[in-house]
Amino acid sequence: MKGAVTHEDFEGHRGTIKAGDVQWMTAGRGIVHSEMPAAPGTSRGLQLWVNLSSQNKMIEPRYQEMQSKDIASTTSSDGVTVRVVAGHSMGARSPVCTRTPTMYLDFTVRPHAAARQPVPASWNAFAYVLEGEGVFAGGGAAEAADSSSSSKAGPHHLLLLGLQGDGVEVWNKSDKPLPVPAHRRRAHRRARGAAGALRHEHRGGDRRGRE
Numbered sequence: 001m002k003g004a005v006t007h008e009d010f011e012g013h014r015g016t017i018k019a020g021d022v023q024w025m026t027a028g029r030g031i032v033h034s035e036m037p038a039a040p041g042t043s044r045g046l047q048l049w050v051n052l053s054s055q056n057k058m059i060e061p062r063y064q065e066m067q068s069k070d071i072a073s074t075t076s077s078d079g080v081t082v083r084v085v086a087g088h089s090m091g092a093r094s095p096v097c098t099r100t101p102t103m104y105l106d107f108t109v110r111p112h113a114a115a116r117q118p119v120p121a122s123w124n125a126f127a128y129v130l131e132g133e134g135v136f137a138g139g140g141a142a143e144a145a146d147s148s149s150s151s152k153a154g155p156h157h158l159l160l161l162g163l164q165g166d167g168v169e170v171w172n173k174s175d176k177p178l179p180v181p182a183h184r185r186r187a188h189r190r191a192r193g194a195a196g197a198l199r200h201e202h203r204g205g206d207r208r209g210r211e
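Quick note: the sequence shown uses UniProt numbering, first residue 1, plus one each step.
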């Protein structure tokens, strides 16, 4: 979301992730990975770990990288914009291949607009508010208007999708739950606390069995 990060792994893969870019790394059987701020100053970003199924835990590591301009996006007539990092939404589909069925969506909702995202009933889902404030509910506009079935959330709150209220930028992350344990992480970071550039998943340390 801010700044940039340079990254490198033990196989010599290296590059720079800038604000708005995405790196989707599948750790598989294991990868040693480091990251450093690309320049002095503050870097801010999001990082997420997704478990792999037992049959995919030992696959070869893989990177998928997208510049901000290449991320699929669309805007509705009432002012809802979605950037699709993984999965599909509002007619836009990401080219990223995920071993675990996943939707990873970045919504920006203008004031008085409503964002609605279907999620399979068997999936786990959450939304993280980055900026602004909105009203969140599990159904349509009627549920959002009913204070007993809706919740108001500001920045850095974790809830379900927003429906109405002030402009709000929100990440929706949902995926299919897997009945397998996640491998523990053994991190060896060169620079602790370096947040990274933007919306990239798995970086830093020895990582196994995750996407």
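Note that CB positions come from ideal geometry on N, CA and C, so glycine has one too. Nothing here was measured: the structure is a model prediction, and the numbers come from that model.
Range covered by the beta strand (DSSP E) that runs through residue i
| i | result |
| --- | --- |
| E11 | No beta strand (DSSP E) holds E11; DSSP gives it neither H nor E. |
| A86 | V80 to A86 |
| S34 | I31 to P37 |
| N124 | N124 to G132 |
| A113 | Element bounds for A113: n/a, residue is neither H nor E. |
| S54 | S54 -> no beta strand (DSSP E), and no H or E assigned at all. |
| R99 | Premise fails: R99 is in no beta strand (DSSP E) and is neither H nor E. |
| S73 | A72 to T75 |
| R44 | No beta strand (DSSP E) contains R44, which DSSP labels as neither H nor E. |
| M66 | R62 to M66 |
| V22 | V22 to T26 |
Per-residue burial, residue i [other beta carbons within 10 Å of its own, 16 or more giving buried]
| i | result |
| --- | --- |
| E60 | exposed |
| K69 | exposed |
| S43 | buried |
| R14 | exposed |
| M25 | buried |
| E35 | buried |
| Q55 | exposed |
| L161 | Residue placement at L161 is flagged as unreliable, the pLDDT there being 41, under the threshold of 50; a coordinate-derived value is accordingly withheld. |
| H112 | exposed |
| R83 | buried |
| E11 | exposed |
| T98 | buried |
| residue 296 | This structure gives no information on residue 296, because the portion of the chain shown stretches from 1 to 211. |
| Q117 | buried |
| A121 | exposed |
| M66 | buried |
| G28 | buried |
| G91 | exposed |
Closest by C-alpha distance to residue i, when choosing among the options
| i | options | result |
| --- | --- | --- |
| Y104 | P111, R110 and P95 | P95 |
| E131 | A115, E35, P118 and F107 | F107 |
| S89 | G3, H112 and T75 | T75 |
| G41 | A92, A4 and V32 | A4 |
| K18 | D9, A38, R29 and A27 | A38 |
| D9 | R62, L48, Q47 and F126 | R62 |
| G20 | I71, A127 and A115 | I71 |
| A127 | L52, H33, T16 and L48 | L48 |
| R93 | V32, K57 and S73 | S73 |
Integer-rounded CB distance, given that residue j should sit under 8 angstroms from residue i
| i | j | result |
| --- | --- | --- |
| V22 | T102 | 13 angstroms between Cβ atoms; not a contact. |
| R110 | G79 | 3 angstroms |
| G45 | M1 | 6 angstroms |
| residue 234 | S53 | With the chain represented from 1 up to 211, any question about residue 234 goes unanswered, as that position is not in the structure. |
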